[in-house]
Amino acid sequence: IETTVSTVGRSQINLTTGELLIITPETADSAVFYCNATNSQGSVSAEAELNVYQRTQITTPPQPITEVIKGSVASMSCGVSHDSNVNISWKWYHGLVELSPSDRITIEPEGTLKILGVFADDDGTYKCEVISAGGNDSRTTQLKVIELPYKPIITSVAVPPTALKSANISFTPGPNGNT
-12 IETTVSTVGR SQINLTTGEL LIITPETADS AVFYCNATNS QGSVSAEAEL NVYQRTQITT
48 PPQPITEVIK GSVASMSCGV SHDSNVNISW KWYHGLVELS PSDRITIEPE GTLKILGVFA
108 DDDGTYKCEV ISAGGNDSRT TQLKVIELPY KPIITSVAVP PTALKSANIS FTPGPNGNT
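Residue numbers (my numbering): -12 to 166.
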């Protein structure tokens, strides 16, 4: 079977099958395309709408590790570039669990996750996922919740009889606060 292809710029039409191929489509290629086929038996036509979107991608990912002090606010960004004709939505996960807005958790309109009053259970891996007709993208980050270290516990104080201007102090360090 011989195939004839007509090429114009980035477009190719297979004259045998009627297929249209647009090489490296761009948003300017979005249009309604019409196809008419005619032979001795008559003619038929069809139309198809092509929408080409700019790829949705995360351009301001969360930092690889976000460290926050217990009780403060954790803020993790997830900014995107996307086609203005495409609706986008964000999903955030803690481990495998999708986060839902609550008194402590908000997902801001530009995709930033905020967690108020973080505590030790908030520690772990977070994933930002962006979903749109222009494509999906995701990034992960680690949230490390740091508690302020506890003061050491003094176990003994001794003043040596031969060195009146010195003292021996023994202590046990308190928990380091995950630092």
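All C-beta atoms in this analysis are idealised placements derived from N, C-alpha and C, irrespective of residue type, glycine included.
**Prompt:** Alpha carbon to alpha carbon, how far is ASN123 from PHE158?
**Reply:** When rounded, the separation of the alpha-carbon atoms in ASN123 and PHE158 is 55 Å.
**Close beta carbons around ILE94, own chain, < 7 Å, minus the five adjacent residues each side** = Correct list, in chain order: TRP77, TRP79, PRO88, LEU100.
**Request:** With a 10 Å radius around its C-beta and 16 neighbouring C-beta atoms as the bar for buried, classify PRO147 as buried or exposed.
**Result:** Exposed, by the Cβ-count rule.
**Item:** Unbroken beta strand (DSSP E) run spanning CYS65, endpoints
**Value:** Counting along the chain, CYS65 falls outside any beta strand (DSSP E), and DSSP gives it neither H nor E.
**Residue span of the beta strand (DSSP E) that contains VAL87, given as start and end** = This sequence places Ser at residue 87; Val is not what is there. No beta strand (DSSP E) holds SER87; DSSP gives it neither H nor E.
**Contacts around THR11, its chain only, beta-carbon distance under 7 Å, and the 5 residues preceding and following it disregarded** = So the list reads ARG(-3), once near-sequence residues are dropped.
**Message:** Under 8 Å: do the region 45 to 52 and the region 60 to 78 share three or more Cβ pairs, one atom per stretch?
**Reply:** Contact between the region 45 to 52 and the region 60 to 78 is present, because at least three Cβ pairs lie under 8 Å.
**Prompt:** From what residue to what residue does the beta strand (DSSP E) around ASN167 run?
**Reply:** There is no way to answer for residue 167, as the model of the chain reaches only from -12 to 166.
**Request:** Spatial neighbours of HIS81 within its chain, please: CB distance less than 7 Å, with the 5 preceding and 5 following residues excluded, ordered by chain position.
**Result:** Residues GLY111, TYR113 of the same chain have their beta carbon placed closer than 7 Å to that of HIS81, with the five preceding and five following residues left out of the count.
**Message:** Across the region 100 to 109 and the region 141 to 156, are there enough close Cβ pairs to call them in contact, namely three or more that are closer than 8 Å?
**Reply:** No: the two stretches stay apart, fewer than three of their Cβ pairs being nearer than 8 Å.
**Asked** How about VAL55 and GLY121: are their beta carbons less than 8 Å apart?
**Response** Not a contact, by the Cβ cut-off of 8 Å.
**Coarse secondary structure for ALA107, derived from DSSP in three states** = It is helical.
**Message:** Out of ILE133, ARG42, GLY29, PRO160, which one is the CA nearest neighbour of VAL117?
**Reply:** It is ARG42.
**Prompt:** What does DSSP give as the partner residues of THR47 in its beta bridges?
**Reply:** Per DSSP, the beta-bridge partners of THR47 are GLY66.
**Prompt:** In the region 106 to 154, which residue ranges form an unbroken beta strand (DSSP E) of at least 3 residues, counting only runs that do not cross its ends?
**Reply:** The qualifying runs are 111 to 119, 124 to 133, 140 to 145.
**Prompt:** By how many angstroms is the C-alpha of ILE75 removed from the C-alpha of PRO96?
**Reply:** About 10 Å.
**Request:** For ILE156, count neighbouring C-beta atoms within 10 Å of its own C-beta (all shown protein chains included) and say buried if the count is 16 or more, exposed if not.
**Result:** Exposed is the call here.
**Message:** Rounding to the nearest angstrom, what Cα-Cα distance links HIS69 and TYR40 in this structure?
**Reply:** Going by C-alpha positions, HIS69 is about 8 Å away from TYR40.
**Request:** Using alpha carbons as the reference points, say which of THR14, SER32, VAL84, SER27 lies closest to TYR21.
**Result:** Selection THR14, SER32, VAL84, SER27 evaluated against TYR21 yields SER32 as nearest (Cα-Cα).
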